[in-house]
Amino acid sequence: MNTIAVMTSGGDAPGMNSAIRAVVRTAIGAEMEVLGIRRGYSGLLEGDLIPMDAASVGNILQKGGTVLGTSRCAEFLKPEIRQEAANILRRKHVDGLVVIGGNGSFNGAYQLHQEHDIPVVGVPGTIDNDIQGTHYTIGFDTAVETGVYAVDKIRDTANAHDRIFLVEVMGRHSPAIAIHTGVCTGAEHVIHTPENTDYDTLVSGIRRGRKRGKNSFIIIVAEGQVPGSAYQVQKHLADNYQIASHVAILGHLQRGGSPTAHDRFIAASMGFHAVQALKTGEVATVTACRDGRIQLVPLQECLEKNDAIDAFSLNLTQQLAI
Ligand code: F6P
């Protein structure tokens with residue numbers, strides 16, 4: 007393997023730069039050439055590949071976002087477009103590809119391998135922590151940390167005014183960020199599916215809390231399938247229980263910022279293992295985190311989303327908020 011390429015794809019996640027740095031420097035250490043693909047699959051289709059040396063990834067690992075840029079490329083679902091991508095990779099003499107991203111990006115990589123025999127390795131990178139086959143995805147820890155930082159500030163003003171706040175956090179269909187943020191901020195409740203929320207229990211908790219002198223309530227709402235779900239909860243509380251509340255939507259705030267040490271560390275290890283896997287021919291794999299260490303697992307096992315609810319942690323929030 008002489009030349010490898012690396013890309014970041016899908017939603018950016020803090021820690022991706024640490025993974026890029028590790029891929030580039032591990033490959034250079036193994037005497038390979040490295041090309042950086044800008045803006046994910048969209049950039050690949052435009053042939054936007056740039057040579058990367060050790061200096062090109064200096065002073066980046068503490069930065070949020072991704073120095074390579076990223077994109078969501080719906081076109082890549084078409085086989086004829088993937089054919090074009092494979093042709094470009096061949097023309098550029100790319101012998102192996104590292105894709106840092108979520109399960110949409112992994113699906114694209116899997117097809118490239120299946121249809122065109124491109125050696126690929128996936129590195130899990132998304133704040134949502136929702137990829138099957140790995141216990142951890144780069145960016146999750148930082149996103150939770152940012153959520154906690156924001157909720158702590160909201161708690162101050164909620165306390166000062168005796169208010170109820172509905173704080174909506176990212177995660178697409180996964181409740182993982184919401185549940186972790188809930189436990190770490192002492193939230194009174196976490197709503198992970200607005201449609202199935204037991205409002206009577208939620209409201210009796212608020213009334214009980216008020217009786218014992220609680221003067222602020224934080225309810226974390228997981229961004230769900232319905233856009234603006236926190237506003238729906240607000241309306242439901244007002245219409246059916248005459249309870250007023252404020253809404254704060256954290257949104258993309260949670261995707262930015264300097265990665266935590268945990269994200270930097272995992273990303274560096276995964277980037278290293280991705281290059282090793284290309285070197286040893288263990289391709290069509292993912293650098294998954296399992297049992298506290300990085301292991302190569304078949305890419306095929308990591309194509310689906312994992313939206314499982316961590317029932318223990320969800321319950322923990324409520325148990326401790328009495
Ligand atoms: O997958 C990461 C994520 O931030 C989700 O939590 C969120 O639902 C989505 O991306 C937002 O995507 P975009 O930035 O493309 O609107």
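By the count of the UniProt record's numbering, the sequence shown reaches residue 328 at its end, each step adding exactly one.
Quick reminder that beta carbons are idealized off the backbone N, C-alpha and C, glycines included.
Residue from the options whose Cα sits closest to the Cα of residue i
i: residue 319; options: 124, 188, 49 and 113; result: 188
i: residue 160; options: 73, 253, 197 and 201; result: 253
i: residue 191; options: 179, 175 and 199; result: 175
i: residue 173; options: 214, 267, 120 and 238; result: 238
i: residue 306; options: 117, 77 and 16; result: 117
i: residue 145; options: 98, 322, 202 and 270; result: 270
i: residue 277; options: 13, 308, 9 and 7; result: 13
i: residue 115; options: 322, 308 and 313; result: 308
i: residue 148; options: 227, 240, 133 and 158; result: 133
i: residue 280; options: 95, 71 and 25; result: 25
i: residue 56; options: 68, 43 and 70; result: 43
i: residue 227; options: 206, 177 and 266; result: 177
i: residue 201; options: 235, 223 and 219; result: 235
Contact test: residue i Cβ vs the ligand F6P heavy atom, cutoff 7 Å
i: residue 229; result: yes
i: residue 134; result: yes
i: residue 22; result: no
i: residue 45; result: no
i: residue 178; result: yes
i: residue 330; result: For the chain, the structure presents residues 7 to 328; residue 330 sits outside this window and is missing.
i: residue 108; result: yes
i: residue 258; result: yes
i: residue 17; result: yes
i: residue 78; result: yes
i: residue 216; result: no
i: residue 161; result: no
i: residue 261; result: yes
Contacting residues, own chain, Cβ-Cβ under 6 Å from residue i (five flanking each side not counted)
i: residue 195; result: 208 and 225
i: residue 311; result: 109 and 136
i: residue 152; result: 260 and 263
i: residue 45; result: 75 and 77
i: residue 273; result: 21, 24, 25 and 144
i: residue 111; result: 15, 16 and 105
Classification of residue i by the beta-carbon crowding that lies within 10 angstroms, buried from 16 upward
i: residue 193; result: buried
i: residue 258; result: exposed
i: residue 48; result: buried
i: residue 4; result: Given a span of 7 to 328 for the chain in the structure shown, any question on residue 4 remains unanswerable.
i: residue 229; result: buried
i: residue 143; result: buried
i: residue 240; result: buried
i: residue 28; result: buried
i: residue 291; result: buried
i: residue 186; result: buried
i: residue 1; result: Given a span of 7 to 328 for the chain in the structure shown, any question on residue 1 remains unanswerable.
i: residue 18; result: buried
Neighbourhood of residue i by C-beta distance below 7 Å, restricted to the same chain and skipping five residues each side
i: residue 315; result: 181 and 198
i: residue 158; result: 191
Contact set for residue i: own chain, Cβ-Cβ below 8 Å, skip 5 residues either direction
i: residue 249; result: 170, 209, 212 and 243
Given 8 Å as the limit, is there contact between the segment 124-142 and the segment 295-310, that is, 3 or more CB pairs closer than that?
-> yes
If we count Cβ pairs, one from each stretch, closer than 8 Å, do we get three or more for the segment 28-40 versus the segment 276-287?
-> yes
Are three or more beta carbon pairs between the segment 37-50 and the segment 239-252 nearer than 8 Å?
-> no
Does the segment 72-82 come close enough to the segment 121-128 to have 3 or more Cβ pairs within less than 8 Å?
-> Short answer: they don't touch.
Within the chosen definition, does the segment 90-104 reach the segment 59-67 through at least 3 CB pairs nearer than 8 Å?
-> no
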